[in-house]
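In the numbering used here, the protein residues as written are 3 to 647.
Glycine is no exception: its CB is placed at the ideal position from the N, C-alpha and C atoms.
The model shown is predicted, which means the values in this text are computed figures rather than measured ones.
Down below is the structure, laid out as structure tokens.
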């Protein structure tokens, strides 16, 4: 996913209680660029359910999401992944080229080229590769290639082709963007593709594993050809070291690859990568402290050595060797002491110095990750828990019920209403629980709109929004009695006292993230025969009208200007349902639209003023011409009077 889209998501999450959310909602076009299962599962918890459904069809493939696909076919496809994980690294790469030429290849790819099966196949492939490496780790080194090593070779050939295919796909996308004019940079395409590929942390780990195995293969092939025994064979020993490191990387890879798909653990897994960057600061501080103290202590011992030169205690000094050797010994001692490793640690001791050193390095890395990294993660989790508890406490203390007339079971926090359930409340028409909240101020011609943004719809999505009279029971959903109107999001119908409700225009079911507006059209109020007044009520879903239009199809409710009026009302029947509600003024126009109208009026006035100026100028010229003519006429008249008869 691109950087601007990640920023948009973070901005959306940071404003989840704002009405601006509906205007900046993530679109299906943005979501369809997700290729990672962790991104898909992560966004499930805040995206629109319809968009999430579209994303599921992309993830599993539209062909596989058809209802006609039997569960046995679905099971067979998963079983086939067990065979395909061996063939896929090589065969699948070449089958993709035959898609346009072979009907079988196209049908094969239609099933198993979906992101879901690619993820399953990769996970199984990595798992099999880890099992093979475990077998290598538990077996002694040998000169000849074992069956396990040949199997590992086949898997790594496939992994190399898969990674190469990813780079080819990135190069293809960059070229397409440049041809379409969306990318105007002049940088090298291959270099940019490699940078984008390496930007993924898992890809870095994959490249490291492949490069390490390449070195292993070269060492094993060389020793197989040139040597006859593993005894005192340093190349075989180094290959074993590299196998151990690759096993470590692959184990982290497979568990991280799968763990990221879980809601609870995936966040922690992803957070560990970000914590590693912060831990690097601790590593640099650790290095600086060890270097500083080791040099200081070395100087003390070197000064002591000079002081005791030629005495009988010379052999008992701490630094009996050269200064560099003494400093290295103290540096090593401080490093192991800081990590609580004793230099005579028996389980890691051996007759071979490189083996002992490498074993201690691995053990030090393990303790570093286990102590420093995980302790910091524990602190972060505890801090997060504290913030949640603190936020809940502030939410309870910040509850404001003055603006809403509510019953037990609804928690009000500013403009956010949350259903917490109520055991004492039963509905009159339904045995299920229902709790209602009525706004304290009625709608009026100046404030005819009532908006609700759904934050959480609940399990069954039983939520109703509408207008009611002041005496309406708060154990009923809006629209269940005469004189009230309501829109119920679970089945997308509107109610005006009828038990079955009325159909709406098009698909009108609402979900989390949807914006609902209820408007009382006071200007269109009509009197009926018995001197009562009916007023139309209009519902919109995401700025689109859903109530019927036309003669006899509109939604009406009774309205008496002398009564308290019609009040905004919210009814909830699912625990956990949460909405953000507010009243809106009549002239609640968009700022850009208002500004555009002002600019247009300004241009019209400017144009009219220019026309007036032109007319004034023409009138001035006409008056000046008439003035000249008048002066000439007066001059002639004066001349004729002066002439003698």
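Quiz item: If we ignore side chains and look at the alpha-carbon of each, how far apart do residue 573 and residue 178 end up?
Solution: Position 571 of the chain shown, counted from the first residue, corresponds to residue 573. Position 176 of the chain shown, counted from the first residue, corresponds to residue 178. Computed Cα separation, rounded: 51 Å.
Exercise. Return the first residue and the last residue of the beta strand (DSSP E) that residue 421 is part of.
Key: The count along the chain shown starts at 1 and reaches residue 421 at position 419. Taken as a continuous stretch (DSSP letters only), the beta strand (DSSP E) holding residue 421 covers 418 to 421.
Quiz item: So is residue 208 buried or exposed if we call it buried at 16+ other beta carbons inside 10 Å?
Solution: In the chain shown, the residue the question calls residue 208 occupies position 206. It counts as buried.
Practice problem: Identify, in the order they occur along the chain, each residue of the same chain with its Cβ nearer than 8 Å to the Cβ of residue 530, setting aside the five sequence neighbours on each side. | Solution: Here residue 530 refers to the residue found at position 528 when the chain shown is read from its first residue. Once the five neighbours on either side are set aside, the close Cβ partners of residue 530 are 536.
Self-check item: Complete runs of the alpha helix (DSSP H) confined to the region 454 to 542 [at least 4 residues]
Solution: none
Quiz prompt | residue 582 in three-state terms, based on DSSP | solution = What you label residue 582 is simply residue 580 of the chain shown in a count that begins at 1. It is a strand residue.
Quiz item: Which residues in the same chain as residue 509 place their Cβ atom closer than 8 Å to its Cβ, once the five residues preceding and following it in sequence are excluded?
Solution: Translated into positions along the chain shown, residue 509 becomes position 507. The answer, listed in chain order, is 494.
Quiz item: Smallest Cα separation from residue 451: which of 474, 457, 559, 518?
Solution: Counted from its first residue, the chain shown places residue 451 at position 449. Among 474, 457, 559, 518, the Cα nearest to that of residue 451 is on 518.
Exercise. Rank 523, 497, 607 by C-alpha distance to the C-alpha of residue 588 and give the top, closest one.
Key: The count along the chain shown starts at 1 and reaches residue 588 at position 586. When only C-alpha atoms are compared, the closest one is 523.
Self-check item: Rounded C-alpha distance that separates residue 131 from residue 154
Solution: On the chain shown, residue 131 is found 129 positions in, with the first residue counted as 1. On the chain shown, residue 154 is found 152 positions in, with the first residue counted as 1. Their backbone Cα atoms lie some 7 Å apart in a straight line.
Quiz item: What does DSSP give as the partner residues of residue 117 in its beta bridges?
Solution: For the purposes of this step, residue 117 is taken as residue 115 along the chain shown, with counting starting at 1. For residue 117, which the question treats as bridged, DSSP gives no partner whatsoever.
Self-check item: Helix, strand or coil at residue 78 according to DSSP, with G and I counted as helix
Solution: Counting from one through the chain shown, the residue named residue 78 turns up at place 76. Looking at residue 78 - three-state DSSP - the assignment turns out to be helix.
Quiz item: First and last residue of the alpha helix (DSSP H) that includes residue 574?
Solution: Your numbering for residue 574 matches position 572 in the chain shown. Element bounds for residue 574: not the alpha helix (DSSP H) but the beta strand (DSSP E), 569 to 574.
Quiz item: Thinking C-beta only, is residue 125 closer than 9 Å to residue 256?
Solution: On the chain shown, residue 256 is found 254 positions in, with the first residue counted as 1. On the chain shown, residue 125 is found 123 positions in, with the first residue counted as 1. Taking 9 Å as the Cβ cut-off, residue 256 and residue 125 qualify as a contacting pair.
Self-check item: Cross-strand partners of residue 406 (DSSP beta bridge)
Solution: For the purposes of this step, residue 406 is taken as residue 404 along the chain shown, with counting starting at 1. Bridge partners of residue 406: 441.
Quiz item: Counting pairs of beta carbons, one from the region 461 to 474 and one from the region 542 to 555, are three or more of them closer than 8 Å?
Solution: no
Quiz item: Run through DSSP, which three-state label would residue 232 get?
Solution: Position 230 of the chain shown, counted from the first residue, corresponds to residue 232. Coil at residue 232, not helix or strand.
Quiz prompt | Given residue 544 as reference, the closest of 603, 454, 470 once Cα atoms are compared | solution = Taking the first residue of the chain shown as 1, we reach residue 544 at position 542. Selected option, being the one with the closest Cα: 454.
Self-check item: Cα-Cα separation, residue 242 to residue 457
Solution: Against the chain shown, residue 242 aligns to sequence position 240. Against the chain shown, residue 457 aligns to sequence position 455. The straight-line gap from Cα to Cα measures roughly 55 Å.
Self-check item: Beta-carbon separation (whole angstroms), residue 501 vs residue 571, contact threshold 8 Å
Solution: Here residue 501 refers to the residue found at position 499 when the chain shown is read from its first residue. Here residue 571 refers to the residue found at position 569 when the chain shown is read from its first residue. The Cβ separation is near 18 Å, so there is no contact.
Practice problem: Would you decide whether residue 613 is buried or exposed? Buried here means 16 or more other CB atoms lie within 10 Å of its CB. | Solution: Here residue 613 corresponds to residue number 611 of the chain shown, with the count starting at 1. Under this definition residue 613 is an exposed residue.
Quiz item: Whose CA, out of 290, 200, 210, 578, lies closest to the CA of residue 245?
Solution: For the purposes of this step, residue 245 is taken as residue 243 along the chain shown, with counting starting at 1. The residue with the shortest Cα to Cα distance from residue 245 is 210.
Quiz item: Counting Cβ pairs, one atom from each stretch, are 3 or more of them under 8 Å apart for the region 224 to 237 and the region 190 to 207?
Solution: no
Quiz item: Which stretch, first to last residue, makes up the alpha helix (DSSP H) that contains residue 558?
Solution: The count along the chain shown starts at 1 and reaches residue 558 at position 556. Looking at the DSSP string, residue 558 is not in any alpha helix (DSSP H); the run it does join, the beta strand (DSSP E), is 558 to 560.
Quiz prompt | residue 157 beta carbon less than 9 Å from that of residue 134 | solution = Counting from one through the chain shown, the residue named residue 134 turns up at place 132. Counting from one through the chain shown, the residue named residue 157 turns up at place 155. Yes, the Cβ-Cβ distance between residue 134 and residue 157 is below 9 Å.
Quiz prompt | Classification of residue 562 by the beta-carbon crowding that lies within 10 angstroms, buried from 16 upward | solution = By 1-based counting over the chain shown, the position of residue 562 is 560. Residue 562 is exposed by the Cβ-count criterion.
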